Structures are given as structure tokens and as C-alpha cells.
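Below is one structure, written out as C-alpha cells, with a few remarks after it.
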Amino acid sequence: MALLRILQYPDERLHTVAAKVSEVTDEVRALVHNMADTMYAAPGIGLAATQVDVHQCVIVIDTSNTHDQLLVLINPEITASSGESDYEEGCLSVPGIFEKVRRAEYITVKALNINGDPFVLDAEGLLAVCIQHEMDHLIGKVFVEYLSRLKQTRLRAKLKKQQRTVM
Ligand code: NI
């Protein structure tokens, strides 16, 4: 088990756009395992490779109450979406901040699994929100960037203060 360091907003590296995985190798599988360990230990319900400073399209998610339903999405693509939902989101890269974000309520996503096999998944509710949140990380977007300029400025000030306190 290896825990990875999670980048903290507003770290510039969180704005890196991830590259597609060309082949699901043992190296990619090791990354997935370490990301899952890191997510469960945090604890969180989703983690994108971007957040651990690896800029490849890899996501791990587990929205189950039992924490034993790991979902791995490699090179995910949303092929259909509908509806709207406002969900209060948090992020392991922005600790202690929870804000409502509007996203699609239903999505269809295609991706590769840990064996490199393609699959299609229909998701709704929390899972749909989580997939969209993590896919944003892969294009360098953090959920707080959906907030107004004013809210973002306040948020950065608050986070700076928190960092000072910890140090
Ligand atoms: Ni996040």
C-alpha cells in the first residue's frame, strides 16, 4: 500500500490537462491501486490522477457506503447527458470547502477498465456528479472554479489563512 501526496488548491499543477493512457500497463495498474489506497485513506469518494500530480486520464471512484465498490475509469468520455442537479461538492484538493455546483443529472460514460477493456456506464445522482467532478480534474478544472469571482477570491484568502495556521 502506498499513499500518494494530494495536491492542494490553488497549486498550479491542478490546472494541467491530462494525456490519454495509450495502453493499460502494469504501471497504470500500480497507479490505480495507489490512487485507490490514497482515496480510501483520505477518506474520499473520488480521486483523479491529476490530484496526485500524474497527468494521465485515470480516475478512481467509490460512492458505496461499504467502501468496497471501486470503479476505475481510464480515458473516460461522456457520450450523453441530460437533466440538471445541484449538489454540494467537496474535493480532497480543497479541504473543508463545500459548495453547490450545477451538473448533468444523468450521464452515459465510456471508459476502459483496469484490464484495458472498454465499457459503458449509465450513472445518475451522486455517482454522476462524482464522475463529472473527477473528469473536470483531468482537464485541469477544480470545482471551485464554477463559483463567482468574488467567492473564489474569498476562498483563496480563507485557504491562505488556513495554511498559515497549520504552519
Ligand atoms: Ni476533486
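Take 1098 as the starting number for the sequence shown in the numbering used here and just add one per residue. We put the CB at the ideal spot given by N, CA and C, even for glycine. Computed from a prediction, not measured in an experiment: that's the story for all the values here.
Check	Outcome
Proximity of R1199 and E1181 at Cβ, strictly below 8 Å	yes
Helix, strand or coil at L1128 [DSSP, three-state]	helix
Beta carbon of N1162 nearer than 8 Å to that of V1118	no
Check whether T1122 and L1224 have beta carbons under 8 Å apart	no
Proximity below 8 Å, CB of V1149 to CB of E1186	no
Short Cβ contact (8 Å threshold) for T1147 with A1115	yes
Closest Cα partner of I1103 within the set H1164, L1144, A1208	L1144
F1164 burial status per 10 Å Cβ neighbour count (16 or more: buried)	Note on residue identity: the sequence assigns His, not Phe, to residue 1164. H1164 is exposed by the Cβ-count criterion.
In DSSP terms, what S1182 is bridged to	R1200
Minimum C-alpha distance to T1135 - residue among L1189, S1179, K1238, S1178	L1189
Beta-carbon contacts of V1151 that lie in its chain and below 7 Å, excluding the five residues immediately before and after	L1128
DSSP state of D1165 mapped onto helix, strand, coil	coil
Cβ separation of P1107 and R1253, assumed to be a contact under 8 Å, to the nearest whole Å	6 Å
Close Cβ partners of V1239 (< 6 Å) along its chain, the five nearest in sequence each way excluded	Y1106, L1111
Spatial distance of T1250 from K1257 (CA atoms)	11 Å
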